[in-house]
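Below is one structure, written out as C-alpha cells, with a few remarks after it.
Number of protein chains: 2
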Amino acid sequence: SVDKGVDYANYFCTYSFLYHQKEMLSDRVRMDAYYNSISQNKHHFIGKTVLDVGTGSGILAIWSAQAGARKVYAVEATKMSEHARLLVKANGLEDIVEVIEGSMEDVTLPEKVDVIISEWMGYFLLRESMFDSVICARDRWLKPTGVMYPSHARIWLAPIKSHLIDQKRDHYDGTMEEWHGFIDDTRNSYGVDMSILTEPFTDEQKKYYLQTSLWNNLRPEQVIGTASIIKEMDCLTATVEDILVIKTQFFSSILEEDTKFSGFGGWFDVHFRGRSESPATTEIELSTAPSIENGTHWGQQVFLLNSPIRCSKGDNMNVSFVMNRAKDNHRLLEAEFGCEFKLASGQPLQPFRKKFFIE
Amino acid sequence: SVDKGVDYANYFCTYSFLYHQKEMLSDRVRMDAYYNSISQNKHHFIGKTVLDVGTGSGILAIWSAQAGARKVYAVEATKMSEHARLLVKANGLEDIVEVIEGSMEDVTLPEKVDVIISEWMGYFLLRESMFDSVICARDRWLKPTGVMYPSHARIWLAPIKSHLIDQKRDHYDGTMEEWHGFIDDTRNSYGVDMSILTEPFTDEQKKYYLQTSLWNNLRPEQVIGTASIIKEMDCLTATVEDILVIKTQFFSSILEEDTKFSGFGGWFDVHFRGRSESPATTEIELSTAPSIENGTHWGQQVFLLNSPIRCSKGDNMNVSFVMNRAKDNHRLLEAEFGCEFKLASGQPLQPFRKKFFIE
Ligand SMILES: Nc1ncnc2c1ncn2[C@@H]1O[C@H](CSCC[C@H](N)C(=O)O)[C@@H](O)[C@H]1O
Ligand SMILES: Nc1ncnc2c1ncn2[C@@H]1O[C@H](CSCC[C@H](N)C(=O)O)[C@@H](O)[C@H]1O
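Each protein sequence line maps, in turn, to chains S and W. Letter by letter, the first sequence follows residues 7 to 365 of my numbering. Letter by letter, the second sequence follows residues 7 to 365 of my numbering.
Take a look at the structure:
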C-alpha cells in the first residue's frame, strides 16, 4: 500500500502547477482528439451524468457540460481543483459541473454516471499507473450501461534507428573518466582510497545514462521495421491485474536496406468508440506514433541498445518483452527485452537481453 | 511533525546517489577545510570518541579515524551508509569506524562522544534545516567537555550588482506572452475562456522567475557595499529556537561610484575553533564568500530586486530582514527584505519590501 504523502511528493505535486496543466492543454493532438470525441458524439452527453477522473484544469468536464451533460462530477486530487472551480464558474457552468477535491479512490458521488471520461495516459501509456484510478472509478460509479472515454487503448513497439545512444555513451564515458581523476585526487590530496566505490558508481551511472529509457520525438523514418501491438485494452473491462505485468512476445522484420537497429521505440494510441450497445457516431483516434505534423507531448519512449546492430531488409527478430512496475514506486516501470535476431540469410546473431528503467 | 517518507522523497533521496556525494567530495575548499581542521588538530581526535552526523560517503569519519580516534560512530539516514561501510573497510578502518544506518534522531549510541563532526550546511547555511539534527545529536550524545566540528557559523548579506534579473524577466515576459496566445487559442479552437486563470498563472510564474532566490557564483567585484553578519551561532550552545526565525536589521554603505544596486548576495562561513577549554591549535575557516579562486558548490544565494537602483559611493541603506521556514516544507526557507535607501545627499528613495522563496 502507498503512503499518500509520498505519492503526493513524487507524483501529484507537478500537477498542482498551472504551468504543467498548460503544457497538456497546449498539446493540439491531445486536445483535438478529446474535443472531437465529445463534440461529435453529443448523444453520449446530452442529458447524461459524467465523471471526469483527474479533471486538472477542468477542461474535459467543461466540454462535457457544453455538449449537454445534465451533471458532471469533476474529481481532482490536487489544489488544481480550485482553479478548475474558477474556470467552471467563469464559463457559466457551475450549475452543471461540480468540482470535487480528493483522490478518486476516496470520493463518494451522489449517483452513478453514464460516462466516465479521463485523460489518464502516461508516457508509454502505463507510466504513472493512473488507469488504476479509472478502473476503481468505473467499478464503483459507472452504470452497467455506461460508456468509457476513451474506450480502448493499445501499446506499440517497433525497431528504430537513432543516434541518441552515442551522446549518452559520451556522457557516460566523460563521467567515468572524471571519476577516475577524482579517485586519484582523493588518494593523493586526502589520503583516502575510494576505488572500492568505482563499481557501485559505475552501476549508478550506467543505470542513469544507458539503462533508462528516453523520451524522444522520433521521426517516422526512424522506424526501420514492422511495428507490433504488444497490449490491447478494453477500458470497459480491463482490470488492474491485466496491466500489472505486460508479458508478451512479438516478431518484427526490418523494412529498410542497409540500416542500423539501435533499439526499440514505444508508443500508444487510444480510441473513442463508445460501447457496442451505444457506439460512437464518429470514432476518434488519439495516436502518439512517430509523426512529423502530429507530435504530442508524450513523444515516444525509446529503449536503446548499447551498440547498434547493422542490418538490412528481410532481417528479422523475435522479441520477448516483460514490463513490471518498479518495486519502490508503483508509478514507474521496468521493462526487459530479450531479442533473437536473424539475418535474412537465416543466420542468427548472438541473442541479447536488456533491462530498462522507465522513470 | 514531519512524515518521514515525505521527507525522504523531498530531501534525503538525492543524498543516496554517489554522483551527488561526489560533487561534495570534489569541492576542494570544503574538503581542505575539514581535512585541515582534523589533521591540524589531532589532539581533539587521538584516543577520542567521535560522532559524524550524516556521514554520507564516510569521509569525515575516515579522516577522524586516521587522525587517531579510538572509535567513530558514523550515522547516515540513506542507503549511502552501505557505500560508507565498504569505504571504511577498504581503508582498513572497520575496527574504528562503525557505520550506522538510520536517522540521527532515532539512533542509540553505546556511549557519549568527545567530538561531534558534521557537514550540515545547506545553501545560505540554513536551507535543509539539517543543523536541527546536529543539535539533537549534541544534546543527547556530546560529553559536557565535548567539541563541535565546526564550532561556529555566520551568515552574511551584502548589496550586489548583477544582470541575472534581466534574463529572468525576459523568461517571465516570454512565458506570459505565450500564455496570452494560449488563452486566445483555447477560446477560438475549443470554446473555453481561460482568462480567469491569468491571475493565478501570473502569480505562479512570478514566484518561479522573480520571487525565488537564485544560486549564483558571484565575482567579488559584484559586491558593491559593506557586508554584514546577520547571524552568528556557537554550535555548542545554539538551539533550534535560535535558528527557526532569523530576524535582524543591518546597515550597508555603497562603496562603488556610479553603480547599480540589483539586490542582495548571501553567504556563510564556519570556523573550527574547538572550545575555550580545549581550543584548536590551528583555527580553520571555511568561507563561501564570493571568490575567484576559492569558490564552493554552495556558491552564494542571490536575492534580486525586480529593477535595479542606480546608486553611488556614500549612498546607504537600512535593511530589515526576516527569514522563516516554509510552511509546507521545514527544509525550505522564506526571506523578506525591507529596505530604506538613502542617497549620500541625505535624500531618501521610496522604501520597498520584497519577499523571496529559498527553494
Ligand atoms: N487518483 C486520482 N484522483 C484524483 N485526481 C487524480 C488521480 N490521479 C491523477 N489525478 C489527476 O489527474 C490529472 C491527470 S492530467 C489530465 C488533466 C485534465 N483532465 C486534462 O485532460 O487536461 C492530474 O491533474 C492529476 O492530479
Ligand atoms: N537526520 C539525519 N540523520 C542521518 N543522516 C542525515 C540526517 N540529515 C542529513 N543526513 C545525511 O547527511 C549527509 C549530509 S552531506 C555530507 C556528507 C559527508 N559528511 C561529507 O562531508 O561528505 C547526507 O548524506 C544526508 O543523507
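Every residue gets a Cβ at the ideal spot worked out from N, C-alpha and C, and that includes glycine.
- If you ignore the 5 residues before and after residue 140(S), its C-beta comes within less than 6 Å of the C-beta of 59, 124 and 126, all in its own chain and listed in chain order.
- Looking at the DSSP output, residue 300(W) bridges to nothing.
- For residue 278(W) and residue 243(W), the gap between their C-alpha atoms comes out near 15 Å.
- 248(W) is the residue among 248(W), 225(W) and 311(W) whose C-alpha sits nearest the C-alpha of residue 137(W).
- Taking 8 Å as the CB threshold, residue 334(W) stays off the interface with chain S.
- If you look at residue 317(W), you'll find it in the beta strand (DSSP E) that goes 306-317.
- Using a CB distance cut-off of 8 Å, residue 206(S) counts as an interface residue toward chain W.
- For residue 345(W), the three-state secondary structure derived from DSSP is strand.
- Along the stretch 79-94 of chain S, going in chain order, the ones with a CB nearer than 9 Å to a CB of chain W are 88, 89, 92 and 93.
- By the neighbour-count criterion, in which 16 or more other beta carbons inside 10 Å mark a residue as buried, residue 145(W) falls on the exposed side.
- DSSP places residue 251(W) outside both helix and strand once states are collapsed to three, so it counts as coil.
- In the structure shown, the three-state DSSP call for residue 239(S) is strand.
- Residue 309(W) and residue 24(S) have their C-alpha atoms some 25 Å from each other.
- Secondary structure note for residue 85(W): it is in no alpha helix (DSSP H), with a DSSP letter that is neither H nor E.
- Chain W has no Cβ within less than 8 Å of the Cβ of residue 328(S).
- The closest CA to that of residue 107(W), considering only 98(W), 65(W) and 89(W), is found on 89(W).
- Runs of beta strand (DSSP E) with 3 or more residues, each lying fully within the stretch 45-122 of chain S, are found at 55-59, 77-82 and 103-107, listed in chain order.
- In the DSSP assignment, residue 161(W) falls within the beta strand (DSSP E) that extends over 158-166.
- Listed in chain order, the non-local C-beta contacts of residue 134(S) below 6 Å within the same chain comprise 128 and 337, local neighbours out to five positions each way being set aside.
- For a cut-off of 8 Å, the C-beta gap from residue 266(S) to residue 315(S) is around 7 Å, short enough to register as a contact.
- Not one heavy atom of ligand 1 sits closer than 7 Å to the Cβ of residue 72(S).
- Chain-ordered listing is empty here: chain W has no CB closer than 9 Å to the CB of residue 101(S), the nearest sitting near 17 Å.
- Interface with chain S (8 Å Cβ-Cβ cutoff): residue 210(W) is included.
- Look at residue 128(W): its beta carbon is at least 7 Å from all of the heavy atoms in ligand 2.
- The C-alpha of residue 326(W) lies about 38 Å from the C-alpha of residue 151(W).
- Set against 7 Å, the gap from the CB of residue 18(W) to the closest heavy atom of ligand 2 is smaller.
- Environment of ligand 1, chain-ordered: 18(S), 21(S), 27(S), 30(S), 31(S), 40(S), 58(S), 59(S), 60(S), 61(S), 62(S), 63(S), 65(S), 66(S), 81(S), 82(S), 83(S), 84(S), 86(S), 108(S), 109(S), 110(S), 111(S), 124(S), 125(S), 126(S), 136(S) and 139(S), taking every residue with Cβ within less than 7 Å of a heavy atom.
- For residue 155(S), the three-state secondary structure derived from DSSP is strand.
- Under the 8 Å criterion on CB atoms, residue 321(W) is classed as non-interfacial with respect to chain S.
- With a threshold of 8 Å between beta carbons, residue 155(W) makes no contact with chain S.
- Look at residue 272(W): its C-beta is not under 8 Å from any C-beta on chain S.
- Boundaries of the beta strand (DSSP E) around residue 289(W): 284-293.
- Note that the stretch 287-304 of chain W touches the stretch 215-230 of chain W; at least 3 beta-carbon pairs, one per stretch, sit closer than 8 Å.
- From the beta-carbon of residue 74(W), no residue of chain S is found nearer than 7 Å; the closest lies around 13 Å away.
- In summary, residue 357(W) is exposed, with fewer than 16 beta-carbon neighbours lying within 10 Å of its beta-carbon over all protein chains present.
- When DSSP assignments are scanned along the stretch 170-244 of chain S, the uninterrupted stretches of alpha helix (DSSP H) that are 4 or more residues long and fall wholly within it turn out to be 170-196 and 204-216.
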